[in-house]
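Structure, as C-alpha cells:
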Amino acid sequence: MERAVSLAGPLSPAERKSIEAILAERKGEDEKVRLLKREIADLAPNDWLAQLQLGVQSFYDHKSQATILYLNNAIKLNPSAAEAYNYLGYVLAQQGQYDDGIKAVRKFVELKPLEPNSYDSLGEVLLLAGRYDQAESAFARSAEMAPDNWMSWIGVAYAR
0 MERAVSLAGP LSPAERKSIE AILAERKGED EKVRLLKREI ADLAPNDWLA
50 QLQLGVQSFY DHKSQATILY LNNAIKLNPS AAEAYNYLGY VLAQQGQYDD
100 GIKAVRKFVE LKPLEPNSYD SLGEVLLLAG RYDQAESAFA RSAEMAPDNW
150 MSWIGVAYAR
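Per numbering that gives the first Met the number 0, the sequence shown starts with residue 0, numbered consecutively.
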C-alpha cells in the first residue's frame, strides 16, 4: 500500500487522497481517515462515490445533518446509488422522519430487489416507525432470500 502512495504522483489530488485514506484505514488511523474523506469530498464535489463515502463516514460518526447532506449529494449525482438510499433511510428514521426514511429504503429495495439486505433494511426502518406488520413481511422476505441470515429471523421475531 505504501508503494501505491509513492506511485500516486500523476493521479488527481482526490485520487491520491483516496489511496492515502485506504492506507490510513488499514493502519487503524480513524481520525486521519475522517479528515481525508472530507478532503476528498471537497476536492471532488461532483464525484458521487466521494460524497457517498463521506456520507457513510458521517453516519457512523453520528453526524446526522452531515450524513443527510452528503448522501443527498451522492443521490443527486447518481440517482442509482443504492447504498446512499439505504443509509439515508436509516438516518431519516433515526431523526423521526419515518415516512421519508421508508421512502428512501423502498428506493434501495427497488434498486436492489435481489439483495436480501435491502429487505432487512426496510424491515428495520419499518420497525422504527412502528409498522410491525409491514416490518415482519420485509424481514420474512429477507429471511426467505437468505435463510442463513439470522438477523432477519430476529427481525421477524421483534416485529411479531
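C-beta atoms are modelled at their ideal positions from N, C-alpha and C, and glycine is treated no differently.
How close, in whole Å, do the beta carbons of residue i and residue j come, if the pair is a contact with beta carbons under 8 angstroms?
i	j	result
Arg-37	Leu-53	6 angstroms
Pro-115	Ala-92	Their Cβ separation, rounded to whole angstroms, is 19 angstroms, which puts Pro-115 and Ala-92 out of contact at 8 angstroms.
Ser-79	Leu-110	6 angstroms
Span of the alpha helix (DSSP H) holding residue i?
i	result
Ser-120	115-127
Glu-14	12-25
Lys-102	97-110
Ser-151	149-158
Glu-28	Unbroken run through Glu-28: none, as it is neither H nor E.
Ala-139	131-144
Lys-75	63-76
Asn-85	81-93
Restricting to Cα atoms, I'd like to know which of the options is closest to residue i.
i	options	result
Asn-161	His-61, Tyr-97, Val-108	Here the chain has residues from 0 to 159 only, and residue 161 is not among them.
Gly-95	Lys-26, Leu-110, Leu-126, Ile-153	Leu-126
Leu-87	Ala-23, Ile-67, Glu-30	Ile-67
Asp-60	Ala-43, Val-90, Glu-82, Arg-130	Val-90
Ala-49	Asn-77, Ala-128, Lys-62, Tyr-131	Asn-77
Leu-42	Arg-25, Glu-24, Val-55, Leu-10	Leu-10
Lys-16	Asp-99, Arg-25, Ile-39, Ser-117	Ile-39
Please classify residue i as buried or exposed, where buried requires at least 16 other C-beta atoms within 10 Å of its C-beta.
i	result
Ala-45	According to the sequence displayed, residue 45 carries Asn and not Ala. By the neighbour-count rule (16 or more Cβ atoms within 10 Å), Asn-45 is not buried but exposed.
Leu-113	exposed
Gly-27	exposed
Ile-101	buried
Ile-153	exposed
Taking CB distances under 8 angstroms as the criterion, tell me whether residue i reaches chain D.
i	result
Asp-99	Looking at the structure shown, chain D is missing, and only one protein chain is on hand.
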